[in-house]
Structures are given as C-alpha cells and as structure tokens.
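Below is one structure, written out as structure tokens; comments come after it.
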Amino acid sequence: MIAVHYVSSIDSYHALPFTYKFVFVTWQKDSDALNVVEHARMSSDKALIKAIMTESSVQLQIEDPDDLTLENIGKAVAKTGI
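The UniProt record's numbering puts the first residue of the sequence shown at 1, with every later residue one more than the last.
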C-alpha cells in the first residue's frame with residue numbers, strides 16, 4: 001500500500017513561512033512474513049508508482065502502522081534538511 005502525505009516545514013532559505021514536501025510512504029507487513037511472490041509484486045508495484053510520483057522529498061518504509069504518525073513523518077522530513 002502506498003500513500004502520499006503533505007508535510008509543511010519552515011523554509012528559511014527561500015524566506016517562506018512554509019513549503020510542502022511529498023512523503024512517499026510504503027507499508028508492508030513484516031518482511032520475514034512475505035513470501036517470494038508477495039515480495040516481488042510489492043517491489044515491482046513500488047517501482048511503478050515511484051516512476052509516476054517522482055517529486056517525493058522523503059521516502060519511508062514502515063512495517064507497523066502505528067509508526068505512521070505526523071511526529072515520525074515530521075522527524076523524517078527534518079532529517080533531510082530540505
């Protein structure tokens with residue numbers, strides 16, 4: 001499953017109050033629980049979607065849906081320094 005979420009952050013370089021960042025999020029169940037076919041299907045689907053959505057600032061891959069919080073996404077965006 002793939003989702004894109006907007007995150008606003010301070011952009012001091014351009015002196016704008018905020019900019020929008022695209023965050024490309026991939027969720028999958030525990031990778032040890034995936035069989036070979038599921039893993040291959042996910043990899044190819046992810047590549048196709050990434051080819052269409054080329055403007056993401058951050059890419060996250062999570063295994064636990066509870067990790068998909070605004071706080072965690074904000075931390076990931078802040079780490080990029082964008």
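The C-beta atom is built at its ideal place from N, Cα and C for all residues, glycine as well.
Using a Cβ distance threshold of 8 angstroms, residue 57 and residue 77 count as a contacting pair.
Assignment of residue 29 by DSSP, reduced to helix, strand and coil, places it in the coil class. In terms of Cβ geometry, residue 24 and residue 53 form a close pair [threshold 8 angstroms]. Excluding the 5 residues flanking it on each side, residue 61 has same chain C-beta neighbours closer than 6 angstroms at 26, in chain order.
Between residue 63 and residue 30, the CB-CB gap stays under 8 angstroms. Within the model, the alpha-carbon separation for residue 75 versus residue 40 is close to 30 angstroms.
Look at the segment 30–77 and you find these whole runs of alpha helix (DSSP H), each 4 residues long or longer: 36–52.
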